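Respectively, the protein sequence lines represent chains G and Z.
Per this note's numbering, the very first residue in the first sequence carries number 1; after that it's consecutive.
Per this note's numbering, the very first residue in the second sequence carries number 393; after that it's consecutive.
Don't be surprised by glycine CBs; every beta carbon is placed ideally from N, CA and C.
Note that the coordinates shown come from a computational prediction; the quantities given were computed from them, not determined experimentally.
Contents: one structure, followed by commentary.
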Amino acid sequence: MTAEDHPGPPRSLYVHLPFCRRRCAYCDFAIAVSGSDLQDRYLEALLRELLFVSRSGAVGQPLETIHLGGGTPSLLGPTRLGRLMEALAAGFSWAEGCEVTLEANPEEVSPAATRDWARMGINRASLGIQSLSNPTLRWLGRGHDAAQGLKALGWLRESGIPQVSCDLMSAIPGQSTGAFLDGLDRVLRFQPDHLSCYELTLEPGTTTRRLVDSGRCRQVAEAVALEQLRSARARLPAAGLTRYEVSNYSRPGCESRHNLNYWKGGTYLALGAGAHGFLGGPAASALGLPAGCARGVRYWHYRDAATYVRVVGQGSTGIRSSEQLDDSQLGLERLALGLRLTQGVKVGEERLLAASRRLAAHGWLEVEGERVRATPEGMEILERLTLELVAA
Amino acid sequence: MGTPTTRIRNFSIIAHIDHGKSTLADRLLESTGTVAPREMTEQVLDNMDLERERGITIKAQAVRMPYRAADGLDYELNLIDTPGHVDFAYEVSRALAACEGALLVVDASQGIEAQTLANVYKAMELNLEIVPVINKIDLPQADPERVAAEVESVIGIARERCLLVSARTGQGVGEVLEAVVNQLPAPVGDRTLPLRALIFDCKYDPYRGVVVYVRIFEGRLESGTQIRMMAGQGVFTADEVGCFRPGMEEVGELAAGEVGYLVASIRNVRDSKVGDTITEAQRPAARPLPGYRQASPMVWAGLFSVDSDDYPDLKEALDRLQLNDAALVFEPETSAALGFGFRCGFLGLLHMEIVQERLEREFDLELITTAPSVAYRVNLRDGEQLEIDNPAQLPDPSQVVSIEEPRVKLEVVTPREYLGGIMELCQERRGEFRHLEYQVGDRALLTYDLPLGEIIHDFYDQLKSRSRGYASMDYELAGYRPEQLVKLDVLVAGNSVDALSTIVHRGQAQGQGKRLVRRMKEVIPRQLFEVALQAAVGGKVVARETIPALRKDVLAKCYGGDITRKRKLLEKQREGKQRMKRVGSVEIPQEAFMAVLTIDR
């Protein structure tokens, strides 16, 4: 069975490495700004959980993707990262061509570091460039400037790591559409294999949100945000990058397989503080999670790194809680996630197909057999279209 | 039998919210041993949840307390608790009419508040003896002397007569009981005459039927007697006669001067109307007690269940509420926009809110209430006259000769300094000045003739804000008068929405239309299409707003950890969306149907 039909045994693994030099102004992730002592204890805890999970029977097949996310995984340094990679290799069987992604920030990228990563088996790097305007980078609270970002990208291209992806933001207060597009062009000169081009979201509790709420910064007007989205959409195909998700573009065959698995409703294991996982009933039971007769179980870890370390030290997996999903909840998720992909999603129910056809009449969706996909116009109002379908 | 009238005292407590009425009542119950301290729940008298939360009394209560006074004699004290809002002004007046005296409770730091004054004046009109009680004297900011001086200047009761009390600590509560015995007059009433008993409230009990609260003025009410309602005409047999201590306790007989209850297999509160007089069927009294007024609804609104499948539940819930609420009337209504519902009549907006809240809370219904309206008389070309409480039913203007709107005689009692602002308010609301009278102390009585439709929405709130809360009001219907009235329709995306129509004065149509569509633009979320909102009179558009189409609504990021959050949001949004009403292709949230109530004048 494919991931699209049934939650099978997990073939993807997410590992959370929460450490950062500082918290960026827009970030509401589970991260930790702290010294190397906690990093060491965290790694021990992580390896302990890894061992438990690898022996639990929750993993039935070789892994297709491994994603080291953060935080700033690149901050870990070669020794710790090496230990983690060895443990991953020892604990799980990897499929041929397993995608192994490392998220990196420009500050930690150097020719030596990239060589280490390639040697350890990292075959995909995702670089957080975000912007190529120095005032904007400072406003975002990033620890690098534009020149560092481009240099890091160059080194990664030369490193022998086969796939390189970049993160770039649009709709940043204070950054003009011109500056955004200029940054985009400069990144494209390096011919990245993959580009995540996403709009800045003002999450509650973040510095950027406070700046905007208090009136000290003006939020980017809706028309401007749309202009930036549309310009990027128009420019990227010429660089060989095809859109495959709301905010993601890639050369053919270079899509993030790890993320595709999320959007297709596939199962995945998770390790580390704040990490979320999704398993079918039997795999969840193997991890000791209540599964009842649920078809799918989502679970998540303690968000705080120190808490996670303490809990794992006491012999637990570090999992904070979980929820069992019934068929209708799974269906809801699959629809909402699948519509984010340009390939769309297979829809079985006639009720949903009928509603889709109504929306298709206005050019927002396309319906082909049982497959429903959003048009570029529809992608701009995707949340509303999804709501229209689920409430139909 | 029964306690001799000389040993009976019937009184009520008049107080502003928070000034300690309930606490004082609790202390009286305790001191007289009516309720043992361990049985005390906070505020024994307010026993409806809603009452406790809002701090208001909706239904009256009556408790009999035995009391051995300092003179060594045993007295029967009846405490009658009254409702406290202008919507229930008539119920208050009947509860007061059942008493000979009242305790006026005033907070020692706050002084006299307006709502209190209204009831004091009402009590004075009914010739009740007033005993002022200054409460909360234990608080550090208490200033009983200032408050006593205020009582003297505003109400005209000598400051020396004020009792100083802390209901919280119990200080002075004994003096209150002695004052009730010594200062309040005993009831008078010939126990040999044919029965005349005043109904001052009633409640529906699922096991016994209607429990009628009565004050006997003349004669005796014995269980087994055939009784007759003098206005309602119903004849019943008194199955059980008793009093509240505070639970129901059968006593077999109530005699003139006494207060208690009657159970007589009455199935519907409508058969025992507040203010009606009960007499004996075999030996009827010649005349009823004065002051009976048919409680008639002043305000009408449509009630619809959000989920149309809940219609039968709504009907059942209204049926059950009506058992206990004689003022609530309803009949089926069909709206093109909202489906099947009920047109309901209320005493006022508070009454409407209470009914709505009880339906939602006690019966777990989700409701849409349409804009409240008054009842108009429409004179047609063929000579027929229609009474219309729903703007949507207004016939085509070509058939209409004239529309008459109900007017009220409004009485406002206020300290003189606020007269200017209040008269201005009345003028703004198309009021006609009738009379101004300066009364004892600082107060003035202002009389206006106004359209009822102008006072049902926010008039009371405006009155309060323009008098810093001191003015109080009462009103009664005073006939109909033809006016230049038009129906203001609202069109959403070109479709007229019947539930949003209102009847307004021609001169106000445009201004009201503008405010209404502007407010609706605020509460209707952006849709996939541009939506035009128009206000129109007789097909002519008088105001317009446009809700622009939704242009961007997409989450930039959604990775593994965001999925649960996204699903929950989607489930919540789906729920919200399913609660909205569709008009054509436009989804309208509940609030939009009440938009007319939330616009600023």
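The secondary-structure analysis by DSSP pairs Z:Thr726 across a beta bridge with Z:Phe732.
When beta bridges are read from the DSSP output, G:Asp167 appears opposite G:Gly128 and G:Ser196. Look at G:Arg23: its C-beta is not under 8 Å from any C-beta on chain Z. Unbroken alpha helix (DSSP H) stretches of 4 residues or longer found wholly inside the stretch 217-296 of chain G: 222-235, 257-263 and 281-286, given in chain order.
Ranked by Cα distance from Z:Arg821, the first of Z:Gly813, Z:Glu779 and Z:Ser697 is Z:Gly813. Rounded to the nearest whole angstrom, the CA to CA distance from G:Arg257 to G:Gly160 is 20 Å. Our two residues, G:His301 and Z:Arg966, have alpha carbons roughly 28 Å apart in a direct line.
Under the 10 Å beta carbon count, Z:Phe825 is surrounded by fewer than 16 other beta carbons and is classified as exposed. Excluding sequence positions up to five before and after Z:Ala935, its CB lies within less than 6 Å of the CB of Gly905, Lys906, Val909 and Ala927, all in the same chain and listed in chain order. According to the DSSP assignment, G:Glu49 belongs to the alpha helix (DSSP H) that extends over Ser36 to Ser56. The distance from the Cβ of Z:Gly616 to that of Z:Ala630 is about 6 Å, consistent with a contact at the 8 Å cut-off. Between Z:Ile591 and the set Z:Ala718, Z:Ala541, Z:Lys514 and Z:Ser545, the nearest pair of CA atoms involves Z:Ala718.
Non-local beta-carbon contacts of Z:Gln876 in its own chain, meaning distances under 8 Å to residues more than five positions away in sequence, involve His897, Arg898 and Gly899 in chain order.
Under the DSSP definition of a beta bridge, Z:Ser697 partners with Z:Leu759.
When rounded, the separation of the alpha-carbon atoms in G:Gly363 and G:Ile381 is 12 Å.
Classified as buried, Z:Glu979 has 16 or more neighbouring CB atoms from the shown chains inside 10 Å of its CB.
Z:His827 counts as exposed, since fewer than 16 other C-beta atoms from the protein chains shown sit within 10 angstroms of its C-beta. The closest CA to that of G:Ser196, considering only G:Ser165, G:Cys254 and G:Arg186, is found on G:Ser165. Beta-bridge annotation (DSSP): Z:Tyr596 is paired with Z:Val602. Under the three-pair Cβ rule at 8 Å, the stretch 685-698 of chain Z does not count as touching the stretch 597-615 of chain Z. Nearest in C-alpha terms to Z:Ala417, of all of Z:Arg486, Z:Phe480 and Z:Ala494, is Z:Ala494. Taking the C-beta atoms as reference points, Z:Val557 is found nearer than 8 Å to Z:Ile529. Assigned with DSSP and collapsed to three states, Z:Val804 falls in strand. With 16 or more other CB atoms across the displayed protein chains lying within 10 angstroms of its CB, Z:Gly823 is buried. Rounded to the nearest angstrom, the gap between the Cα atoms of Z:Leu509 and Z:Val661 is 30 Å. Annotation: the continuous alpha helix (DSSP H) that includes Z:Val546 extends over Pro536 to Ile547. Its Cα nearest to that of Z:Ala515, the residue Z:Glu492 stands out among Z:Glu492, Z:Pro917 and Z:Ile504. Counting every other CB atom within 10 Å of its CB across the protein chains shown gives Z:Gln533 a total below 16, marking it as exposed. Those residues of the stretch 288-309 of chain G placed with their C-beta closer than 8 Å to a C-beta in chain Z are Arg298 and Trp300, ordered along the chain. G:Glu380 has a beta carbon lying within less than 8 Å of a beta carbon in chain Z. The CB of Z:Asp945 comes closer than 8 Å to the CB of Glu380, Ile381, Leu382, Glu383 and Arg384 in chain G, given here in chain order.
Z:Lys958 has a beta carbon lying within less than 8 Å of a beta carbon in chain G.
The C-alpha of G:Lys264 lies about 43 Å from the C-alpha of Z:Leu883. For Z:Lys969, the chain G residues whose C-beta falls within less than 8 Å of its own C-beta are Leu387 and Ala391, listed in chain order. Here the stretch 973-987 of chain Z makes no contact with the stretch 343-355 of chain G; the two share fewer than three CB pairs at distances below 8 Å. G:Arg138 is outside the set of residues whose beta carbon lies under 8 Å from a beta carbon in chain Z.
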